[in-house]
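This report refers to the structure that appears directly beneath it.
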Amino acid sequence: MTKPTVIETRKVTKTYNVNAAPVPALVDISFAAEENSFVSLVGPSGCGKSTLLQILAGLIPSSSGEVLVDGMPVRKPMPDKIAVVFQDATLLPWKTVIQNIEFPLEVQKVPPRERRECARAMLSLVGLSDFAERYPHELSGGMRQRVSIARGLAQNPRIILMDEPFGALDEQTRLKMGNELLHIWSRTNKTIFLITHSLTEALFLSDTVLVMSQRPGRIVDVIKTALPRPRTYDMIGSREFGEARNRIWELIGGDEPTAAERVGL
Amino acid sequence: MSRPTLVRLIVIVAILVVWESVRELNLIGPLLLASPSEIGAAFAKSWPQFLTAFQITLVEIVAALAIALVLGVSVGLIAGSTVFMSMVSGPLLVSLFAVPLVTWYPLFMVWFGIGGASKIAYGVVSGFFPVAINTMNGIRNFDPQYVMYGRAIGCSPLQIVARILFPLALPSIIAGLRIGVALVIIGVIVAEMLGSLRGIGYLITSYRNLYEIGGVYLGILLSVLCALLANLGLSALERHFTRWREMQMTQ
Numbered sequence: 281m282t283k284p285t286v287i288e289t290r291k292v293t294k295t296y297n298v299n300a301a302p303v304p305a306l307v308d309i310s311f312a313a314e315e316n317s318f319v320s321l322v323g324p325s326g327c328g329k330s331t332l333l334q335i336l337a338g339l340i341p342s343s344s345g346e347v348l349v350d351g352m353p354v355r356k357p358m359p360d361k362i363a364v365v366f367q368d369a370t371l372l373p374w375k376t377v378i379q380n381i382e383f384p385l386e387v388q389k390v391p392p393r394e395r396r397e398c399a400r401a402m403l404s405l406v407g408l409s410d411f412a413e414r415y416p417h418e419l420s421g422g423m424r425q426r427v428s429i430a431r432g433l434a435q436n437p438r439i440i441l442m443d444e445p446f447g448a449l450d451e452q453t454r455l456k457m458g459n460e461l462l463h464i465w466s467r468t469n470k471t472i473f474l475i476t477h478s479l480t481e482a483l484f485l486s487d488t489v490l491v492m493s494q495r496p497g498r499i500v501d502v503i504k505t506a507l508p509r510p511r512t513y514d515m516i517g518s519r520e521f522g523e524a525r526n527r528i529w530e531l532i533g534g535d536e537p538t539a540a541e542r543v544g545l
Numbered sequence: 051m052s053r054p055t056l057v058r059l060i061v062i063v064a065i066l067v068v069w070e071s072v073r074e075l076n077l078i079g080p081l082l083l084a085s086p087s088e089i090g091a092a093f094a095k096s097w098p099q100f101l102t103a104f105q106i107t108l109v110e111i112v113a114a115l116a117i118a119l120v121l122g123v124s125v126g127l128i129a130g131s132t133v134f135m136s137m138v139s140g141p142l143l144v145s146l147f148a149v150p151l152v153t154w155y156p157l158f159m160v161w162f163g164i165g166g167a168s169k170i171a172y173g174v175v176s177g178f179f180p181v182a183i184n185t186m187n188g189i190r191n192f193d194p195q196y197v198m199y200g201r202a203i204g205c206s207p208l209q210i211v212a213r214i215l216f217p218l219a220l221p222s223i224i225a226g227l228r229i230g231v232a233l234v235i236i237g238v239i240v241a242e243m244l245g246s247l248r249g250i251g252y253l254i255t256s257y258r259n260l261y262e263i264g265g266v267y268l269g270i271l272l273s274v275l276c277a278l279l280a281n282l283g284l285s286a287l288e289r290h291f292t293r294w295r296e297m298q299m300t301q
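Here's what the structure looks like:
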């Protein structure tokens, strides 16, 4: 039995006008992701990854083509269907952790008792129940990002869009956070769409990796990772993993992997 | 009594002793400096007059401050709400802030009379600009991802400003208010000195005209007291609203 499609894009194109001349940023982006799948998008910096994410989130309009979530066209933010996790956790610094998770529910006018319960449940899902009354600045970068994920989950969306959520973390924390994200994801039925510049992260976490070209961004390859779940760190050292990484590397950069990339950093 | 308090007390007593003896020994003439005992004598002689003046000035300052705060924050929020608005109003506010306001005071007297209204109006104009400019800068200098986040969870534009940008800008607004308070106090007292029949500024001018230097110094001391009280109130406000920011700083 095939799972229902949660998000689908049809020939999404974005063109900017710079000094009255059209400059294409994204060309014919078409892909689909089914329920409870984990999709990553990798590509060289400046290729329009974040632009695509903002279009998917309904934050900016596309120039042509359409985005469908649950079969409904996305024309504006849809907080009940789409949650966004940004590179900076963007937690509200004057609110405690639990208040931050409640905030999107408050905006949606969910009654206080209900939203407090929901926030507590999400907080325990990300393993931060002991930190409910702390302020964001009292947490580490990784913990802040976990709160940000809990906050997204509290919206009970169909899909969570993540824009380089672990980009600001050090490499070790980053891999740990990725693993943590897999745990959280496996306990929900959400679809995750993750933008990352780390090929290792993309391959380690995803079912599908979309590879984007340099600007104007188009999808040049779709790689299904064959790794079994649950994923373990030693898979990163396997031959298949290395081959997949090298293939993506050639697609997006055409350069040799750096020493760091070769050893899996 | 703790050691620092004790030392502070000794320093204050020493200053008073030196101050008093400078006058006793007539090292500085009576028209230039009033000794502590002469200030005390002025207070003993006309304290009801000074108390009334102090109350009038304090009310004018508080009123001017409240109006400057409301106007400044409102204008700053509007001016900072979009890139376009801040490009239009930013340079305007900053250059108006640079105009020497005191040259306008005669016009304020024509518009508002020589009573309290012209003092409050002048105080408002003095304090308005730093509050408005800091509010505008405060809501412009944040991570644009906050606005995107607000939109992504379905906030209306008004909710984004009120629930996200305004609280984020609060530390900056309060910093503007700090400058604003100083300027409002100066504004109100200068206005009283230039043309008025009431208030501390008026007493300072009239005692100077009578060559009663004790009264002049008493007036100056009372205006310092106004500034101290205003700053005390402001610090309480700051502690209340920006606890999270202070905690962030000390981390």
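Chains A and B supply the protein sequences, listed in that same order. Under the numbering used here, the final residue of the first sequence carries the number 545; numbering is consecutive throughout. Under the numbering used here, the final residue of the second sequence carries the number 301; numbering is consecutive throughout. Ideal placement from N, C-alpha and C gives every residue a C-beta, glycine not left out.
Beta carbon of residue i nearer than 8 Å to that of residue j
i	j	result
Ile223(B)	Val123(B)	yes
Ile250(B)	Phe104(B)	yes
Ser343(A)	Thr295(A)	yes
Arg258(B)	Ile106(B)	no
Ile254(B)	Gly264(B)	no
Ala171(B)	Phe162(B)	yes
Ile362(A)	Pro437(A)	yes
Arg414(A)	Val377(A)	yes
Ile287(A)	Ile439(A)	yes
Leu490(A)	Val307(A)	no
Leu385(A)	Arg395(A)	yes
Asp368(A)	Ala448(A)	yes
Val238(B)	Gly188(B)	no
Arg228(B)	Leu284(B)	yes
Gln209(B)	Thr370(A)	no
Phe473(A)	Gly458(A)	no
Leu441(A)	Ala312(A)	no
Glu315(A)	Asn469(A)	yes
Met499(A)	Val322(A)	Note on identity: in this sequence residue 499(A) is Ile, with Met being the wrong assignment. Taking 8 Å as the Cβ cut-off, Ile499(A) and Val322(A) do not qualify as a contacting pair.
Val511(A)	Leu462(A)	For the record, residue 511(A) in the displayed sequence is Arg; it is not Val. For Arg511(A) and Leu462(A), yes; Cβs fall inside 8 Å.
Phe366(A)	Asp443(A)	yes
Met226(B)	Val181(B)	Looking at the sequence provided, one finds Gly at residue 226(B) rather than Met. In this structure, Val181(B) lies closer than 8 Å to Gly226(B) by Cβ.
Host beta strand (DSSP E) of residue i (start-end)
i	result
Gly226(B)	No beta strand (DSSP E) holds Gly226(B); the alpha helix (DSSP H) holding it covers 216-244.
Met492(A)	488-492
Lys291(A)	285-298
Ile183(B)	Where Ile183(B) is concerned, there is no enclosing beta strand (DSSP E), although the alpha helix (DSSP H) it sits in stretches over 166-190.
Val211(B)	Run containing Val211(B): none; DSSP gives neither H nor E here.
Val307(A)	301-314
Ser320(A)	318-322
Assigned exposure category for residue i - 16 Cβ within 10 Å defines buried
i	result
Glu242(B)	buried
Phe134(B)	exposed
Thr132(B)	exposed
Ser206(B)	exposed
Gln99(B)	exposed
Gln425(A)	buried
Tyr267(B)	buried
Ser420(A)	exposed
Thr331(A)	buried
Gln301(B)	For Gln301(B), the predicted structure reports a pLDDT of 41, less than 50, and the residue's modelled location is therefore unreliable. The matter cannot be settled from this model.
Asn184(B)	buried
Glu523(A)	exposed
Pro221(B)	buried
Pro359(A)	buried
Pro54(B)	exposed
Tyr199(B)	buried
First and last residue of the uninterrupted alpha helix (DSSP H) at residue i
i	result
Leu372(A)	Leu372(A) -> no alpha helix (DSSP H), and no H or E assigned at all.
Leu151(B)	Note, Leu151(B): premise wrong, no alpha helix (DSSP H); not H, not E.
Tyr257(B)	249-259
Val72(B)	53-74
Arg280(B)	Rather than Arg, the amino acid found at residue 280(B) in this sequence is Ala. Per DSSP, Ala280(B) belongs to the alpha helix (DSSP H) from 263-291.
Ala506(A)	Here Ala506(A) belongs to no alpha helix (DSSP H), and DSSP marks it neither H nor E.
Leu531(A)	519-532
Val197(B)	195-202
Can you pull out the residues from the segment 452-479 of chain A whose beta carbon lies closer than 8 Å to at least one beta carbon of chain B?
none
Short of 9 Å Cβ to Cβ, which residues in the segment 217-235 of chain B face chain A?
Pro217, Leu218, Leu220
Please identify, using Cβ separations under 8 Å, the residues of the segment 361-374 of chain A that lie next to chain C, in order along the chain.
In the structure shown, chain C does not exist; the protein chains are A and B.
Residue ranges of each alpha helix (DSSP H) within the segment 92-126 of chain B, 4 or longer:
none
So if I threshold CB-CB distances at 8 Å, which residues from the segment 173-196 of chain B count as touching chain A?
Asp193, Gln195, Tyr196
Starting from the N-terminal side, write out each stretch of the beta strand (DSSP E) that is 3 residues or longer and does not extend beyond the segment 325-384 of chain A.
344-349, 362-365
Name the residues in the segment 327-361 of chain A whose C-beta lies less than 9 Å from a C-beta of chain B; which are they?
Gln334, Ala337, Gly338, Leu339, Lys356, Pro357, Met358, Pro359, Asp360
In chain order, which beta strand (DSSP E) runs of at least 3 residues are fully inside the segment 400-488 of chain A?
439-443, 471-475
Got a sec: which bits of the segment 375-400 of chain A sit with their beta carbon under 8 Å from any beta carbon on chain B, in order along the chain?
Phe383, Pro384, Val387, Gln388
Can you list, in chain order, the residues of the segment 425-450 of chain A whose Cβ is nearer than 8 Å to any Cβ on chain B?
Gln435
Any residues in the segment 196-212 of chain B with a beta carbon nearer than 7 Å to a beta carbon of chain A? Which ones, in chain order?
Tyr196, Met198, Tyr199, Arg201, Ala202, Ile203, Gly204, Cys205, Gln209
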